[in-house]
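S.K.: When you number the sequence shown by our numbering, it's gap-free, plus one each residue, and the end is 823. A single structure is presented below for examination.
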Amino acid sequence: MELSVVIVNYRVKYLLEQTLRSVEQAMQGMAGEVIVVDNLSGDDSIDFSRERHPQVTYIENKENVGFARANNQAIMQARGEYTLILNPDTIITPQCLQEGIAWMRSHPKCGAIGARMMDGNGVFLPESKRAFPTPWVSFCKIFGLSKFFPRSHWFAKYHLRYLSDLEPQCIDILSGAYMLCRTSVLQQLGGFDEDFFMYGEDIDLSYRIVQAGYENWFLPTPMVHYKGESTHKDSMRYVRIFYDAMLIFYRKHFPRFRVIFYPIIKLGVMVRASLSMTKRLIKRLLPAGKATATDWPWVIISDDAPKVAERAHIVTYQEELPATGHFNLLIDDGCHDYGEIVDYIRQHSDKGRIAFHIFANRHGIIISPKMS
Numbered sequence: 452m453e454l455s456v457v458i459v460n461y462r463v464k465y466l467l468e469q470t471l472r473s474v475e476q477a478m479q480g481m482a483g484e485v486i487v488v489d490n491l492s493g494d495d496s497i498d499f500s501r502e503r504h505p506q507v508t509y510i511e512n513k514e515n516v517g518f519a520r521a522n523n524q525a526i527m528q529a530r531g532e533y534t535l536i537l538n539p540d541t542i543i544t545p546q547c548l549q550e551g552i553a554w555m556r557s558h559p560k561c562g563a564i565g566a567r568m569m570d571g572n573g574v575f576l577p578e579s580k581r582a583f584p585t586p587w588v589s590f591c592k593i594f595g596l597s598k599f600f601p602r603s604h605w606f607a608k609y610h611l612r613y614l615s616d617l618e619p620q621c622i623d624i625l626s627g628a629y630m631l632c633r634t635s636v637l638q639q640l641g642g643f644d645e646d647f648f649m650y651g652e653d654i655d656l657s658y659r660i661v662q663a664g665y666e667n668w669f670l671p672t673p674m675v676h677y678k679g680e681s682t683h684k685d686s687m688r689y690v691r692i693f694y695d696a697m698l699i700f701y702r703k704h705f706p707r708f709r710v711i712f713y714p715i716i717k718l719g720v721m722v723r724a725s726l727s728m729t730k731r732l733i734k735r736l737l738p739a740g741k742a743t744a745t746d747w748p749w750v751i752i753s754d755d756a757p758k759v760a761e762r763a764h765i766v767t768y769q770e771e772l773p774a775t776g777h778f779n780l781l782i783d784d785g786c787h788d789y790g791e792i793v794d795y796i797r798q799h800s801d802k803g804r805i806a807f808h809i810f811a812n813r814h815g816i817i818i819s820p821k822m823s
């Protein structure tokens with residue numbers, strides 16, 4: 452068997468369905484398996500998926516055991532030569548798998564590969580390539596130096612912004628949203644460290660892959676990652692969990708820095724939490740600004756735009772992209788495969804002028820970047 456795809460699901464029923472459909476299209480002609488682990492979503496995610504994707508193996512947990520442990524349940528039974536760790540809010544293409552596996556075969560020291568992740572509107576996600584969070588790199592990240600000097604080799608190592616995202620790069624850290632790994636390496640390392648409940652486990656695994664003598668590579672093959680739409684990055688809970696994960700990482704890999712670094716981490720949590728609270732307060736107090744995507748006109752890309760408009764309850768629309776102005780772009784997945792959709796988003800991403808949506812033709816619903 453060539454490939455095992457492992458997906459951990461938690462309350463993203465329609466996004467999971469979209470991910471599974473993109474995986475099916477990407478794996479056509481390939482010997483492989485797909486394993487979905489559900490962390491007690493409490494909805495009908497698995498029944499819904501099992502009816503439409505009966506060939507998938509499902510593991511239903513009786514409690515939310517966290518991202519790391521849930522992935523390990525599947526990793527340890529994976530039979531493919533390669534294992535793809537994939538989020539349930541992603542869209543991949545055949546090129547992601549073909550180019551990744553080809554790279555692995557031609558680079559024996561390559562232990563894991565990441566792709567060029569874009570958000571749902573085609574904006575490049577900087578977490579696609581990162582450096583190890585050494586004390587200095589983490590300090591620059593926590594206190595905003597990497598943001599103020601995004602192209603600096605000295606201050607901006609966290610997201611490696613000075614490295615091109617259009618060329619292959621040997622990097623340190625890959626995102627757990629998409630990690631194509633050698634199964635033998637994953638199983639040899641014991642998968643993810645289950646001390647990490649959520650966040651940080653991908654950093655730790657990437658670090659251990661390199662420590663074991665392998666390399667991590669970033670390939671510029673585009674894919675879409677809706678980027679944890681169930682997580683609010685400005686919330687106090689996110690700030691606390693993320694920095695707690697950083698403390699676990701430092702206890703494990705940099706114990707000699709704990710006396711110096713722990714106070715810095717704690718200070719960083721306080722600073723980031725204060726900034727988050729301030730941002731939320733300002734948003735509540737300030738009047739609404741310019742029109743949002745809910746007010747923009749609609750453009751429908753489909754072989755049967757009138758039918759899509761009727762099913763999606765869109766009264767007014769057009770079928771040609773306007774030269775100026777903001778608009779919502781709805782792409783029908785009933786007449787475009789996901790490779791075409793990802794490529795279309797990549798080509799037409801226009802700095803916030805276009806809000807992309809996908810019409811899930813099977814279900815008659817609109818899947819949007821801000822969908823939870």
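Virtual Cβ for every residue (Gly too), placed ideally from N, Cα, C.
Between W554 and L670, what straight-line distance do the alpha-carbon atoms span, to the nearest angstrom?
M.R.: In the sequence shown, residue 554 corresponds to position 103, counting from 1. In the sequence shown, residue 670 corresponds to position 219, counting from 1. Cα to Cα, the separation comes out at about 9 Å.
S.K.: DSSP on G551, reduced to helix/strand/coil?
M.R.: Taking the sequence shown and counting its residues from 1, one reaches residue 551 at position 100. DSSP places G551 in helix when its eight states are reduced to three.
S.K.: How would you call M452, buried or exposed, if buried means at least 16 neighbouring beta carbons within 10 angstroms?
M.R.: Numbered from 1 along the sequence shown, position 1 holds the residue referred to as residue 452. The residue in question, M452, is exposed, as its Cβ has fewer than 16 Cβ neighbours within 10 Å.
S.K.: If you reduce the DSSP assignment to three classes, tell me which class Q620 lands in.
M.R.: In the sequence shown, the residue the question calls residue 620 occupies position 169. Looking at Q620 - three-state DSSP - the assignment turns out to be strand.
S.K.: Quick one: complete alpha helix (DSSP H) runs, 4+ long, within the region 500-581?
M.R.: Every alpha helix (DSSP H) stretch that sits fully inside the region 500-581 and reaches 4 residues is listed by chain position as 518-526 and 545-557.
S.K.: Given a threshold of 16 other Cβ atoms within 10 Å of its Cβ, counted over all protein chains shown, does Q506 qualify as buried or as exposed?
M.R.: Locating residue 506 in the sequence shown gives position 55, where the first residue counts as 1. So Q506 counts as exposed.
S.K.: Of the residues S615, P619, K592 and L617, which one's Cα is nearest the Cα of F606?
M.R.: Counting from 1 along the sequence shown, the entry for residue 606 is found at position 155. Residue K592 is the option with its Cα nearest to F606.
S.K.: Would you give the residue range spanned by the alpha helix (DSSP H) that W587 belongs to?
M.R.: The residue you call residue 587 lines up with position 136 of the sequence shown. Taken as a continuous stretch (DSSP letters only), the alpha helix (DSSP H) holding W587 covers P586 to I593.
S.K.: Mind checking Y677: buried by the 16 CB within 10 Å criterion, or exposed?
M.R.: Position 226 of the sequence shown, counted from the first residue, corresponds to residue 677. So Y677 counts as buried.
S.K.: Starting from Y795 and walking both ways along the beta strand (DSSP E), at which residues does that stretch end?
M.R.: Position 344 of the sequence shown holds residue 795. Not the beta strand (DSSP E): Y795 falls in the alpha helix (DSSP H), residues Y789 to H799.
S.K.: Going by other Cβ atoms of all chains shown within 10 Å of its Cβ, with 16 needed for buried, is N460 buried or exposed?
M.R.: Taking the first residue of the sequence shown as position 1, residue 460 is located at position 9. N460 counts as buried, since at least 16 other C-beta atoms from the protein chains shown sit within 10 angstroms of its C-beta.
S.K.: Measure the CB-CB distance between A826 and N512 and report whether it falls below 8 Å.
M.R.: The first residue shown for the chain is 452 and the last is 823, placing residue 826 beyond what the model contains.
S.K.: Bridge partners for F807 per DSSP, in chain order?
M.R.: Here the question's residue 807 lines up with position 356 in the sequence shown. Bridge partners of F807: L780.
S.K.: Report back the beta-carbon spacing between G571 and V463 to the nearest angstrom; my notes put them in contact at under 8 Å.
M.R.: For the purposes of this step, residue 571 is taken as residue 120 along the sequence shown, with counting starting at 1. For the purposes of this step, residue 463 is taken as residue 12 along the sequence shown, with counting starting at 1. Not quite, the Cβ-Cβ distance comes to about 13 Å (not below 8 Å), so this is no contact.
S.K.: I need the DSSP call for T470, collapsed to helix, strand or coil.
M.R.: Within the sequence shown, residue 470 is the residue found at index 19, counting from 1. Correct three-state label for T470: helix.
S.K.: I'd like to check one pair, S626 with Y609: are the Cβ atoms closer than 8 Å?
M.R.: Looking up residue 609 in the sequence shown gives position 158. Looking up residue 626 in the sequence shown gives position 175. For Y609 and S626, no; Cβs fall outside 8 Å.
S.K.: From which residue to which residue does the alpha helix (DSSP H) around L737 run?
M.R.: To locate residue 737, count along the sequence shown from 1; it is residue 286. Unbroken run through L737: none, as it is neither H nor E.
S.K.: Apart from the five residues on each side of it in sequence, which residues of its chain come closer than 6 Å, Cβ to Cβ, to M630?
M.R.: Taking the sequence shown and counting its residues from 1, one reaches residue 630 at position 179. Once the five neighbours on either side are set aside, the close Cβ partners of M630 are I536 and A563.
S.K.: Residues in its own chain within less than 7 Å of I654 by CB, not counting five upstream and five downstream?
M.R.: Here residue 654 corresponds to residue number 203 of the sequence shown, with the count starting at 1. Closer than 7 Å at the Cβ level, and outside the excluded window around I654, lie P584, I624 and F700.
S.K.: Looking only at DSSP bridge pairs, what is V759 linked to?
M.R.: On the sequence shown, position 308 is the one that residue 759 refers to. BP columns for V759 are empty, so no partner.
S.K.: At the level of alpha carbons, what is the spacing between I782 and F807?
M.R.: To locate residue 782, count along the sequence shown from 1; it is residue 331. To locate residue 807, count along the sequence shown from 1; it is residue 356. Cα to Cα, I782 sits roughly 8 Å from F807.
S.K.: For V588, which residues of its own chain have a beta-carbon under 6 Å away from its beta-carbon, when the five flanking residues on both sides are left out?
M.R.: For the purposes of this step, residue 588 is identified with residue 137 of the sequence shown, where counting begins at 1. Excluding residues within five positions, the ones whose Cβ falls inside 6 Å are A582, K608 and Y609.
S.K.: Based on the DSSP secondary-structure assignment, which residues constitute the bridge partners of G651?
M.R.: By one-based count along the sequence shown, residue 651 stands at place 200. Residue pairing of G651 in beta bridges, as defined by DSSP: absent, with no partner found.
S.K.: Determine the direct distance from the alpha carbon of Y509 to that of E502, and round the result to whole angstroms.
M.R.: Counting from one through the sequence shown, the residue named residue 502 turns up at place 51. Counting from one through the sequence shown, the residue named residue 509 turns up at place 58. Between the C-alpha atoms of E502 and Y509 there is a straight-line separation of about 12 Å.
S.K.: Which residues does DSSP pair with P673 in a beta bridge?
M.R.: On the sequence shown, position 222 is the one that residue 673 refers to. In the DSSP output, where bridge partners are listed per residue, P673 has R567.
S.K.: Pick out whichever of H504, L780, E652 and W747 has its Cα sitting closest to the Cα of R692.
M.R.: Position 241 of the sequence shown, counted from the first residue, corresponds to residue 692. The amino acid occupying residue 692 in the given sequence is Ile; Arg does not appear at that position. Per the Cα distances, E652.
S.K.: Hey, quick one: how far does the beta strand (DSSP E) through S455 stretch, first residue to last?
M.R.: Residue numbering aside, residue 455 sits at position 4 when the sequence shown is read from its first letter. Segment L454 to N460, the beta strand (DSSP E) holding S455.
S.K.: Rounding to the nearest angstrom, what Cα-Cα distance links G785 and N812 in this structure?
M.R.: As a working mapping, residue 785 is identified with position 334 in the sequence shown. As a working mapping, residue 812 is identified with position 361 in the sequence shown. Going by the C-alpha atoms only, they are around 5 Å apart.
S.K.: Counting only the same chain and skipping the five closest in sequence on each side, list residues whose C-beta sits under 6 Å from that of C632.
M.R.: In the sequence shown, counting from the first residue as 1, residue 632 sits at position 181. Cβ within range, chain order: T534 and A563.
S.K.: What do you get for R707, buried or exposed, if any count of 16 or more other CB atoms within 10 angstroms of its CB means buried?
M.R.: Position 256 of the sequence shown, counting from 1, holds the residue named residue 707. Exposed: under 16 other Cβ atoms inside 10 Å.
S.K.: Could you tell me the distance, in whole angstroms, from the CA atom of S681 to the CA atom of C621?
M.R.: One-based indexing of the sequence shown puts residue 681 at position 230. One-based indexing of the sequence shown puts residue 621 at position 170. Residue placement at S681 cannot be trusted, given a pLDDT of 43 that sits under 50; what the coordinates show is reported in the next sentence. The straight-line gap from Cα to Cα measures roughly 31 Å.
S.K.: Closest to L617 by C-alpha separation, out of T672, C561, D754 and V487, would be which residue?
M.R.: The residue labelled residue 617 in the question sits at position 166 within the sequence shown. The option with the nearest alpha carbon to L617 is T672.
S.K.: With burial defined as no fewer than 16 other Cβ atoms inside 10 Å of the residue's Cβ, what is the status of F599: buried or exposed?
M.R.: On the sequence shown, position 148 is the one that residue 599 refers to. Its Cβ having fewer than 16 others within 10 Å, F599 is exposed.
S.K.: By the DSSP assignment, the alpha helix (DSSP H) with V636 in it spans what residues?
M.R.: The residue given as residue 636 occupies position 185 in the sequence shown. Taken as a continuous stretch (DSSP letters only), the alpha helix (DSSP H) holding V636 covers T634 to L640.
S.K.: I need the DSSP call for D498, collapsed to helix, strand or coil.
M.R.: In the sequence shown, residue 498 corresponds to position 47, counting from 1. Three-state DSSP puts D498 in a helix.
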